[in-house]
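Asker: Position 142 of the sequence shown, counting from 1, maps to 141 under numbering that gives the first Met the number 0, and the rest follow consecutively. For each residue, glycine too, the CB sits at the ideal point set by N, CA and C.
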Amino acid sequence: MDCKNSFCSRCSVQMDVRPRMCHTCQRLHCTFFERAELMRLKVKDLRDYLHLHETPTQMCREKEELVELVLAQQTPRGSGSAESRSQPAAPSHPLAESEALTEEEEEEEEDDDNEDEEGEEEEEEDGDRDGEDEEGEEDDEDDEEESTDSEETLVLSRRASLSDLSRVEDIEGLSVRQLKEILARNLVNYQGCCEKWELMEKVTHLFNDQKDFHNLVSNTKTEAADPAEPSGQEENLCKICMDSPIDCVLLECGHMVTCSKCGQRMNECPICRQYVVRAVHVFRS
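1. Go ahead and label D246 buried or exposed: buried means 16 or more other beta carbons lie within 10 angstroms of its beta carbon, across all protein chains shown.
2. Can you give the beta carbon distance from T23 to D47, rounded, assuming they're within the 8 Å contact cut?
3. Given Q273, which residues of its chain have a CB within under 6 Å of its CB, disregarding the five upstream and five downstream residues?
4. Please name the residue or residues paired with V248 in a DSSP beta bridge.
5. Do you know how far the Cα of L164 is from the Cα of K179?
6. Do L186 and V279 count as a contact pair if the criterion is CB distance below 7 Å?
7. Considering M38, what are the terminal residues of the alpha helix (DSSP H) in which it resides?
8. Pull up the DSSP beta-bridge partners for Y274, would you.
9. By the three-class DSSP mapping on this structure, what secondary structure does C29 have?
10. Should V167 go down as buried or exposed, given a rule of 16 or more other Cβ atoms within 10 Å for buried?
11. Using a Cβ distance threshold of 8 Å, determine whether the region 34-48 contacts the region 58-68, with at least three qualifying pairs required.
12. By a C-beta neighbour count over all protein chains shown, 10 Å radius and 16 as the cutoff for buried, is M20 buried or exposed?
13. Do you know how far the Cα of D44 is from the Cα of H50?
14. With H, G and I counted as helix, E and B as strand and the rest as coil, what does DSSP make of C261?
15. Quick check: the Cα distance between R277 and L250, rounded to an integer number of angstroms?
As structure tokens, this is what we get:
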């Protein structure tokens, strides 16, 4: 070996009667170490050659400096290097041809790889199109199911209101979720209820209480003899909306001045200005 290193047969080449050379040394020997030819080589090849010959290149910043080191590496050989430079260029042709063949084979392999990759990409695109069509059909089915579910949900949400119940018998047709929703909207605590009949009992009590209270408000017109005194109807109405009856207590102050709907929106009591922790529905006896 020119660089005195050991390489396998795949990483080295036999040059006529000369000793075997690694590919790095071979590239530089094909230039006959002429400055113009060396300047055409890659910087990596020059650095690899110098590293194989244990020549430091840390201080080299230009390609010309690497070429100078390569030429300086050849000067100690004296006449041997001169003879190698004076030889005709004919022996180098087989090597150049072998390099050209190797490059052509590599290009053909790259072309084959590119064709394989293009074929795989086309197959993937076809698969993606089929998958998109199937997904589109599934999405249409899902949209239909969602629209049906949304319609059912809207119907159920309309039923889940105390004002939609016209009689006590309607409560039996409600689901557990609807019963809980009605109780939650009216600030009635249903914790501890494990059976549906317990929820129905609370909703029935709430329905009867609301019905009786509305009847009380409607029947108590202006009963006060003194017109200056507030009527019974106004006393029992929510002081915020003046539309619904007072049916909740504000905690922690304990004042009863609002309906359940307005009580949920209160941040502070309108009477004492105390912070409202929560509002609780009150059943009248």
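Answerer: Working from what's here:
1. buried
2. 5 Å
3. C252
4. V279
5. 15 Å
6. yes
7. 34-39
8. E267
9. coil
10. exposed
11. yes
12. buried
13. 10 Å
14. helix
15. 6 Å
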